[in-house]
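Chemist: Below is a structure I'd like to ask you about.
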Amino acid sequence: MKMRAFIAGAGLALVLGCATVAQAQAQAQTYPDRLIKIVAPFPAGGVVDVLSRALGQELSKALGQPVIIENRPGAGGNIGAETVAKAPPDGYTLMMTSPGIQSINQFLYKKMPFDPETAFAPISLVADMPMLVVLGAASPYTTLSAFIAAAKAKPDGFNFGSAGYGTTGHLGMELFAYTAGIKLRHTPYKGAAPAVNDLLGGHIDGVVDNPPTVMAHIKSGALRALAVAGPERLTALPNVPTSTEAGLADWRVSSWFGLVAPAKTPPAIVDRLAEEVRKAIAQPAMRKLSDELGLVLVGDTPAAFEAVIKQERKKWGELIAKAGITLE
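Residue numbers (mature numbering (1 follows the signal peptide of the UniProt record, and there is no 0)): -24 to -1, 1 to 304.
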């Protein structure tokens, strides 16, 4: 009797499993047949919001369905990410994610409302945004090597600001200091704008920040960029050398942005979306936006994006542990 019950149970499990696979295949074949929502887990007007809206427009054209953007900011992106983690895995709720959500917050917060390692299905790395080392225009240091040499001779270190404790700018600054073998004093602000304003006013020595935050001031001559922490120069700032050209090849840090879905979204839907992202970033409107914001468009595969997330998680986890950074 026990054997019959076991066989019956196994048979039922097999039937249910086949039914689930068949249902997923059917969903993928008809996808999409209604509105798609992309959650931007940061405030309106920021890079994540602007990039999400531009990508959403291109995806809407390609998929033949409306794509709307829903801003759900707070807790370093965790609030918006939690809603996506708990959404049905059907391809109709997506998120424009970033390093904090996927690779950093889990090391800063003692409690997370979701597990970033299992809650999402990576779709595609949409864009990379290498960070910049920026000083005031009155600074005597015109090259990264000169600044590093001066910092090594300054026991108390230079004073660098950031958008806040535990932000990508703060961690990028810490990684810069660690890689260069120098000391930098950190002044956290409530947002990037106040930090940049104090840099313009000469109240701090520098920042490590994203191009959109400082680009206008660099182009006007009010600020000076010493290096971009990426493999190539930015189209928007062609005269700013890469970290490798500036003599610090091991310093690579960026705010990247990618599309994810809830875990267990059918692979066929994930692959379809990845292909549409790849096509979307080739469109002129996306290329124009990337030049304006200092982005490097990517559009890779789900597997490649997952590898990036894992690599970033390892890098930031090690740095945060060494620096003893925590938000709680």
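Heads up, the beta-carbon is just placed ideally off N, CA and C, and yes, glycines get one too.
1) So L202 and L176 are in contact, right, with Cβ under 8 Å, and what is the actual spacing, rounded?
2) For G67, which of T241, A279, K264 has the nearest alpha-carbon?
3) Have a look at G300 and R10 and give me their C-alpha separation to the nearest angstrom.
4) Counting along the chain, where does the alpha helix (DSSP H) carrying V102 start and finish?
5) Hey, quick one: how far does the alpha helix (DSSP H) through H162 stretch, first residue to last?
6) Is the separation between the beta-carbon of G53 and that of I14 shorter than 8 Å?
7) When you compare the region 179 to 186 with the region 107 to 117, are there three or more beta-carbon pairs, one atom per stretch, that lie closer than 8 Å?
8) The beta strand (DSSP E) spanning I285 covers which residue range?
9) If I measure Cβ to Cβ from A16 and keep anything under 6 Å in the same chain, skipping five residues before and after, which residues do I get?
10) Could you have a look at T302 and say whether DSSP puts it in helix, strand or coil?
11) Scan the region 132 to 188 and note each continuous alpha helix (DSSP H) run of 4 residues or more that stays entirely inside, going in chain order.
12) When the Cα atoms are used, what is the spatial distance from T277 to A63?
13) Expressed to the nearest angstrom, what Euclidean distance is found between the alpha-carbon atoms of A256 and D104?
14) With distances taken Cα to Cα, identify the nearest neighbour of P8 among K128, I285, A38, P238.
15) Pairing CB atoms from the region 116 to 123 with CB atoms from the region 138 to 151, are three or more of them under 8 Å?
16) Which first and last residues belong to the beta strand (DSSP E) in which M107 is found?
17) By the three-class DSSP mapping on this structure, what secondary structure does A203 have?
18) Here's the rule: buried if 16 or more other CB atoms are within 10 angstroms of the residue's CB, otherwise exposed. What is G197?
19) Taking the alpha-carbon positions, what's the E58 to S115 distance?
20) Using the three-state DSSP reduction, which class does N54 fall into: helix, strand or coil?
21) Please state whether DSSP places G234 in a helix, a strand or coil.
Modeler: Here's the rundown:
1) Indexing the sequence shown from 1 puts residue 202 at position 226. Indexing the sequence shown from 1 puts residue 176 at position 200. Not really, about 16 Å apart at Cβ, beyond 8 Å.
2) Along the sequence shown, read from residue 1 onward, the residue named residue 67 stands at position 91. Per the Cα distances, T241.
3) Along the sequence shown, one-based indexing puts residue 300 at 324. Along the sequence shown, one-based indexing puts residue 10 at 34. The straight-line gap separating the alpha-carbon atoms of G300 and R10 is approximately 46 Å.
4) If you number the sequence shown from 1, residue 102 lands on position 126. Annotation: V102 is outside any alpha helix (DSSP H); the continuous beta strand (DSSP E) that includes it extends over 96 to 104.
5) On the sequence shown, position 186 is the one that residue 162 refers to. Careful: H162 lies outside any alpha helix (DSSP H), inside the beta strand (DSSP E) at 160 to 164.
6) Residue 53 sits at position 77 when you count from the first residue of the sequence shown. Residue 14 sits at position 38 when you count from the first residue of the sequence shown. Result no, Cβ atoms of G53 and I14 do not sit closer than 8 Å.
7) yes
8) Locating residue 285 in the sequence shown gives position 309, where the first residue counts as 1. Per DSSP, I285 belongs to no beta strand (DSSP E); it is in the alpha helix (DSSP H), 278 to 299.
9) By 1-based counting over the sequence shown, the position of residue 16 is 40. Once the five neighbours on either side are set aside, the close Cβ partners of A16 are V24, D25, S28, I45, N47, M72.
10) Mapped onto the sequence shown, residue 302 falls at position 326. Three-state result, T302: coil.
11) The region 132 to 188 is shown to contain whole alpha helix (DSSP H) runs of 4 or more residues at 144 to 156, 168 to 176, in chain order.
12) Along the sequence shown, one-based indexing puts residue 277 at 301. Along the sequence shown, one-based indexing puts residue 63 at 87. C-alpha separation (whole angstroms): 22 Å.
13) By 1-based counting over the sequence shown, the position of residue 256 is 280. By 1-based counting over the sequence shown, the position of residue 104 is 128. So the alpha carbons of these two residues sit roughly 15 Å apart.
14) The residue given as residue 8 occupies position 32 in the sequence shown. The residue with the shortest Cα to Cα distance from P8 is A38.
15) no
16) Taking the sequence shown and counting its residues from 1, one reaches residue 107 at position 131. Neither: M107 is in no beta strand (DSSP E) and is coded neither H nor E.
17) Here residue 203 corresponds to residue number 227 of the sequence shown, with the count starting at 1. Here A203 sits in strand by DSSP.
18) As a working mapping, residue 197 is identified with position 221 in the sequence shown. Result: exposed.
19) In the sequence shown, residue 58 corresponds to position 82, counting from 1. In the sequence shown, residue 115 corresponds to position 139, counting from 1. Using only the alpha carbons, I get a separation of about 43 Å.
20) As a first step, residue 54 is located in the sequence shown; it is residue number 78 there, counting from the start. N54: helix per DSSP, three-state reduction.
21) Walking along the sequence shown from the start, residue 234 turns up at place 258. In the structure shown, G234 sits in a strand (DSSP, three-state: E or B).
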